[in-house]
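S.K.:
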Amino acid sequence: MLAIVSKDEKELHLTTIMNNSKPENHSPLKFFLLVFGLSIPLWIIETRIEVKGLPLDIPITDILAAFTPLIAASILVYKEEGSIGTNKLFNRILDFSRITKKIWYLPVILLPFLIYLLIYITIHLIGLPLPINFYIPFLSIPFLFCLFFLGAVAEETGYMGYAIDSMQERFGALLASILIGIPWAVWHYPSIIQQGHNLTWIVWATLGTVAVRVLIVWIYNNTGKSLFACILFHTLMNVGRPLFPRDGIHNPLVDYPDIHYSIIAIVAGIVVFLWGTKTLARYRYA
Numbered sequence: 000m001l002a003i004v005s006k007d008e009k010e011l012h013l014t015t016i017m018n019n020s021k022p023e024n025h026s027p028l029k030f031f032l033l034v035f036g037l038s039i040p041l042w043i044i045e046t047r048i049e050v051k052g053l054p055l056d057i058p059i060t061d062i063l064a065a066f067t068p069l070i071a072a073s074i075l076v077y078k079e080e081g082s083i084g085t086n087k088l089f090n091r092i093l094d095f096s097r098i099t100k101k102i103w104y105l106p107v108i109l110l111p112f113l114i115y116l117l118i119y120i121t122i123h124l125i126g127l128p129l130p131i132n133f134y135i136p137f138l139s140i141p142f143l144f145c146l147f148f149l150g151a152v153a154e155e156t157g158y159m160g161y162a163i164d165s166m167q168e169r170f171g172a173l174l175a176s177i178l179i180g181i182p183w184a185v186w187h188y189p190s191i192i193q194q195g196h197n198l199t200w201i202v203w204a205t206l207g208t209v210a211v212r213v214l215i216v217w218i219y220n221n222t223g224k225s226l227f228a229c230i231l232f233h234t235l236m237n238v239g240r241p242l243f244p245r246d247g248i249h250n251p252l253v254d255y256p257d258i259h260y261s262i263i264a265i266v267a268g269i270v271v272f273l274w275g276t277k278t279l280a281r282y283r284y285a
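Going left to right, the sequence shown walks through residues 0 to 285 as numbering that gives the first Met the number 0 numbers them.
1. Is there contact between the region 196 to 205 and the region 132 to 144, where contact requires at least three CB pairs shorter than 8 Å?
2. May I have the straight-line CA-CA distance separating Phe-66 from Ile-248, to the nearest angstrom?
3. Whose C-beta lies closer than 7 Å to the C-beta of Gly-72 among residues of the same chain, with five residues either side of it excluded?
4. Identify whether Ile-16 lies in helix, strand or coil by the three-state DSSP scheme.
5. Look at the Cβ atom of Ala-210, then the Cβ atom of Ala-175, and state whether they are nearer than 9 Å.
6. Report the CB separation of Ala-93 from Phe-227 in whole angstroms; it is logged as a contact under 8 Å.
7. What would DSSP say about Gln-194, mapped onto helix, strand or coil?
8. In three-state DSSP terms, what is Pro-27?
9. Taking contact to mean at least 3 C-beta pairs separated by less than 8 Å, is the region 108 to 120 in contact with the region 235 to 249?
10. By alpha-carbon positions, which one of Tyr-255, Ala-264 and Gly-84 ends up nearest to His-123?
11. Please classify Ser-38 as buried or exposed, where buried requires at least 16 other C-beta atoms within 10 Å of its C-beta.
12. Measure the beta-carbon distance from Pro-251 to Glu-45 and round it to whole angstroms, keeping in mind my assumption that it falls under 8 Å.
13. Check Tyr-115 in the structure and name its three-state DSSP category.
14. CA-CA distance, Tyr-282 and Ser-96?
15. Rounded to whole angstroms, what's the CA-CA distance from Ser-165 to Ile-179? Just pull it up for me.
16. At 4 residues or longer, what runs of the alpha helix (DSSP H) sit wholly inside the region 213 to 280?
17. Cutting at 8 Å between CB atoms, please list the residues of its own chain near Leu-279, excluding the five before and the five after it.
18. Which same chain residues, not among the five before or five after Tyr-119, have their C-beta less than 8 Å away from its C-beta?
19. Answer with buried or exposed for Cys-229, where buried requires no fewer than 16 other C-beta atoms within 10 angstroms of its C-beta.
20. Shortest alpha-carbon distance to Ile-70 belongs to which of Glu-154, Val-107 and Trp-42?
21. Within the continuous alpha helix (DSSP H) that includes Ser-165, where are the two ends?
22. Taking C-alpha atoms, which residue in Gly-275, Leu-127 and Phe-148 lies nearest to His-259?
23. Express the C-alpha separation of Val-76 and Ser-82 in angstroms, rounding to a whole number.
24. Considering only C-alpha positions, which residue in the set Lys-277, Ile-265 and Thr-276 is nearest to Leu-110?
25. Taking buried to mean at least 16 other C-beta atoms within 10 Å of its own C-beta, is Lys-78 buried or exposed?
26. Looking only at its chain, what residues have a beta carbon closer than 7 Å to the beta carbon of Asn-24, apart from the 5 residues adjacent to it on each side?
27. For the putative contact between Ile-48 and Ile-62, defined by C-beta atoms under 8 Å, what is the C-beta separation to the nearest angstrom?
28. So which of Arg-240, Leu-28 and Arg-91 has the shortest CA-CA distance to Phe-147?
29. So, helix, strand or coil for Asn-340, using DSSP?
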């Protein structure tokens, strides 16, 4: 026997879904617990896998773990909003139509290049050793872009597609950025430790990772909350790492984490000063 659903019942159902889809109904705590819960088995496996020699020295399990924010967000959104919610979440991946102020493509695309240029110039001015004979694999850029774009989709759909809005409403933009950035940094610790880095390196990496999250939230809030803008920026930041000049002796981004990550933190600090802590979207001199 088929149940006949009235128009009023359908409208009530849709209204319920819309109410549940409000940011305040999201649970960032459940999201982070689920991300770490899904990642722990992969980190255990990672201890059994030799890192050196793999492409970019990235553990295979890191590639799989990158999808845990997407999986966590999908599970929670489906539980909270059903299939309508998950479809809405996935549709945001290519929401470039939200970027009504096209001028914001400039920082999204050029800021990663500028950051790495500043890092290189700073290392040079200080007089620290830099690669003499190095090769930048330009032909690998399309492959790197596709690889890191996929990873950025997996991460940002969770962090920015699910967690950020409710956290911003409660804590403001800067504090929300930090509260997302810290567990995001901690989430990278197993990989960092597996690659042989010490505590000092981890501290600098934490500072830089939180700073990157501040920049991502800044971009998000100034592009009509475009998830695509965050994904593109994240992608280009990652693409820049393997393209940064290095040779068999010197790998500046690894050798000088204090310079590498402090430059990113300084850029983030300038952004906070100019756009304010509450929204990161009100330019001081407008």
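Quick reminder that beta carbons are idealized off the backbone N, C-alpha and C, glycines included.
M.R.: Looking at the atomic coordinates:
1. no
2. The residue labelled residue 66 in the question sits at position 67 within the sequence shown. The residue labelled residue 248 in the question sits at position 249 within the sequence shown. Their backbone Cα atoms lie some 33 Å apart in a straight line.
3. If you number the sequence shown from 1, residue 72 lands on position 73. The question names Gly, but residue 72 is Ala in the sequence shown. Correct list, in chain order: Phe-30, Leu-88, Thr-156, Gly-157, Gly-160 and Tyr-161.
4. As a working note, residue 16 is residue 17 in the sequence shown. Confidence is the limiting factor: at Ile-16 the pLDDT is only 41, short of 50, which leaves the residue's position unreliable, though a coordinate-based value still follows. Of the three classes helix, strand and coil, the one that applies to Ile-16 here is helix, per DSSP.
5. Sequence index remark: in the sequence shown, residue 210 carries index 211 (1-based). Sequence index remark: in the sequence shown, residue 175 carries index 176 (1-based). Result no, Cβ atoms of Ala-210 and Ala-175 do not sit closer than 9 Å.
6. Indexing the sequence shown from 1 puts residue 93 at position 94. Indexing the sequence shown from 1 puts residue 227 at position 228. Per the sequence presented here, residue 93 reads as Leu, with Ala not at that position. Rounded, the Cβ-Cβ distance is 6 Å, consistent with contact.
7. As a first step, residue 194 must be located in the sequence shown, where it is residue number 195. Coil, per DSSP.
8. If you number the sequence shown from 1, residue 27 lands on position 28. Looking at Pro-27 - three-state DSSP - the assignment turns out to be helix.
9. yes
10. Stepping through the sequence shown from its first residue, residue 123 is reached at position 124. It is Tyr-255 whose Cα lies nearest to the Cα of His-123.
11. Here residue 38 refers to the residue found at position 39 of the sequence shown. Result: buried.
12. The residue you call residue 251 lines up with position 252 of the sequence shown. The residue you call residue 45 lines up with position 46 of the sequence shown. The beta carbons of Pro-251 and Glu-45 sit about 26 Å from each other, so the pair does not count as a contact at 8 Å.
13. Numbered from 1 along the sequence shown, position 116 holds the residue referred to as residue 115. Correct three-state label for Tyr-115: helix.
14. Along the sequence shown, read from residue 1 onward, the residue named residue 282 stands at position 283. Along the sequence shown, read from residue 1 onward, the residue named residue 96 stands at position 97. Using only the alpha carbons, I get a separation of about 23 Å.
15. As a working note, residue 165 is residue 166 in the sequence shown. As a working note, residue 179 is residue 180 in the sequence shown. Ser-165 and Ile-179: Cα-Cα distance of roughly 12 Å.
16. 226 to 242, 251 to 254 and 256 to 274
17. Counting from 1 along the sequence shown, the entry for residue 279 is found at position 280. So the qualifying residues of the chain are Ala-172, Leu-173, Ser-176, Val-213, Val-216, Trp-217, Asn-220, Asn-221, Val-270 and Val-271.
18. Taking the sequence shown and counting its residues from 1, the one referred to as residue 119 is at position 120. Same-chain partners within the cutoff: Leu-129, Phe-243, Pro-244 and Pro-251.
19. Within the sequence shown, the letter at position 230 stands for residue 229. Buried, because 16 or more other Cβ atoms sit within 10 Å of the Cβ of Cys-229.
20. In the sequence shown, counting from the first residue as 1, residue 70 sits at position 71. Check the Cα spacing between Ile-70 and each of Glu-154, Val-107 and Trp-42: the tightest is with Glu-154.
21. As a working note, residue 165 is residue 166 in the sequence shown. First-last of the alpha helix (DSSP H) with Ser-165: 163 to 170.
22. In the sequence shown, residue 259 corresponds to position 260, counting from 1. Nearest option by C-alpha distance: Leu-127.
23. Counted from its first residue, the sequence shown places residue 82 at position 83. Counted from its first residue, the sequence shown places residue 76 at position 77. Distance from the CA atom of Ser-82 to the CA atom of Val-76, rounded to whole angstroms, is 8 Å.
24. Indexing the sequence shown from 1 puts residue 110 at position 111. Residue Ile-265 is the option with its Cα nearest to Leu-110.
25. For the purposes of this step, residue 78 is taken as the residue at position 79 of the sequence shown. It is exposed - the Cβ of Lys-78 has fewer than 16 other Cβ atoms within 10 Å.
26. Within the sequence shown, numbered from 1, the residue matching residue 24 stands at position 25. Closer than 7 Å at the Cβ level, and outside the excluded window around Asn-24, lie Glu-79.
27. Walking along the sequence shown from the start, residue 48 turns up at place 49. Walking along the sequence shown from the start, residue 62 turns up at place 63. Contact doesn't hold; Cβ gap of about 11 Å is too wide.
28. In the sequence shown, the residue the question calls residue 147 occupies position 148. Among Arg-240, Leu-28 and Arg-91, the Cα nearest to that of Phe-147 belongs to Arg-240.
29. As shown, the chain starts at 0 and ends at 285. That puts residue 340 outside it, with no answer to give.
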